[in-house]
Amino acid sequence: SRKLLNHLGIDNEIIAYHEHNEEKLTNQLIEKLIEGKSIALISDAGTPLISDPGFKLVSAAHDKNITVVPIPGPSAVIAGLTASGLSCDKFVFHGYLSPKSSSRQKYLKTLLTESKTLVFYEAPHRILDLIEAMYSIFGEFRCVTIARELTKKHEQIVRDTLSNIKFKIENNEIKNKGEFVVILEGNKNNLVKDSEILRINKILTEIVSPKDAVLLTAKITKRKKNEIYKLVHKTAK
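Following our numbering from start to finish, the sequence shown increments by one per residue and tops out at 283.
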């Protein structure tokens with residue numbers, strides 16, 4: 047930001063505002079706004095507040111009836127989504143998932159029934175872990191788009207199945223460098239094979255009761271609840 051401001055001949059004071067000081071700085075900045083000063087909330091990483099600090103300041107400004115003016119700017123979420131080749135009609139942005147494997151797995155399992163396109167951010171050193179988790183939960187044929195280093199010199203956008211994307215990352219066809227946007231196809235609710243039904247039901251039983259797992263599996267696969275119940279218990283014998 048400073049390089050750009052210097053280039054434009056703007057020498058206003060810059061205050062670092064981040065998760066470690068936002069509680070303290072928010073009140074100070076609000077006081078400056080009440081005094082009649084103007085403050086621009088900017089980010090070196092795309093649009094402020096999107097997986098970035100700023101919410102507390104904007105919320106506090108509204109609480110004090112201070113006018114908040116948005117200025118449209120770059121957003122990796124929208125850029126990645128529109129270039130993904132996946133449905134943009136309805137989507138859900140989940141930001142960065144937990145770096146802890148167990149927490150990440152648990153969260154992804156709650157998205158099994160989601161029909162909307164799913165958008166995530168991920169760091170390069172965790173991208174393979176995320177794709178492997180998605181592969182184990184959503185299956186090898188679910189479509190996903192990897193958008194890396196968007197709008198930069200080494201931009202790379204690849205759409206494929208989870209199985210193939212996993213292979214491409216493992217073999218360095220998709221380099222684990224730069225910031226990633228991961229766009230995952232939503233659940234299509236197509237007729238599902240018995241083996242896939244059992245896989246989905248097994249995953250669900252890890253987070254809900256067997257009864258609820260059957261109900262959710264039926265909802266995901268559009269198969270009758272009784273059919274799911276019989277298949278699960280037949281296999282268990």
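Quick reminder that beta carbons are idealized off the backbone N, C-alpha and C, glycines included.
Note that this is a predicted model, so its numbers are computed, not measured.
Residue i burial status per 10 Å Cβ neighbour count (16 or more: buried)
i: Cys134; result: exposed
i: Asn247; result: buried
i: Asn233; result: buried
i: Val123; result: buried
Whole-Å CB distance - residue i paired with residue j, under 8 Å assumed
i: Glu231; j: Thr163; result: 7 Å
i: Pro99; j: Glu59; result: That belief does not hold up - the Cβ atoms of Pro99 and Glu59 are roughly 18 Å apart, past 8 Å.
Close-in-space but distant-in-sequence residues of the same chain around residue i (CB under 6 Å, 5 per side omitted)
i: Ala193; result: Gly126, Ile203 and Val227
i: Met180; result: Leu208
i: Gln151; result: Ala179
Straight-line Cα distance separating residue j from residue i
i: Phe166; j: Pro118; result: 21 Å
i: Leu95; j: Phe101; result: 6 Å
i: Glu81; j: Ile215; result: 52 Å
i: Lys239; j: Asn67; result: 52 Å
i: Arg205; j: Phe137; result: 17 Å
i: Pro116; j: Ser130; result: 26 Å
i: Asn73; j: Asn272; result: 58 Å
i: Lys221; j: Ser147; result: 21 Å
i: Val114; j: Ala106; result: 10 Å
i: Lys212; j: Tyr153; result: 20 Å
Chain-order list of residues whose beta-carbon lies under 8 Å from that of residue i (same chain, five-residue window excluded)
i: His279; result: none
i: Lys270; result: Ala264
i: Gly224; result: Pro170, Arg194, Glu195, Lys198 and His200
i: Tyr63; result: Leu71, Leu75, Leu87, Pro99, Gly100 and Leu103
i: Lys155; result: Ile183, Ile249, Leu250, Glu252 and Ile253
Residues near residue i in its chain [Cβ-Cβ closer than 7 Å; skip 5 each side]
i: Ser47; result: Ile60, Ile88 and Asp90
(message) What ranges does the alpha helix (DSSP H) occupy inside the stretch 103-149, keeping only unbroken runs of at least 4 residues that lie completely in it?
(response) 122-128
(message) As an exercise, report each continuous beta strand (DSSP E) stretch of at least 3 residues that is fully enclosed by the stretch 202-240, in chain order.
(response) 202-207 and 226-230
(request) Within the stretch 168-201, note down every full alpha helix (DSSP H) run reaching 4 residues or more, in order along the chain. (result) 173-184
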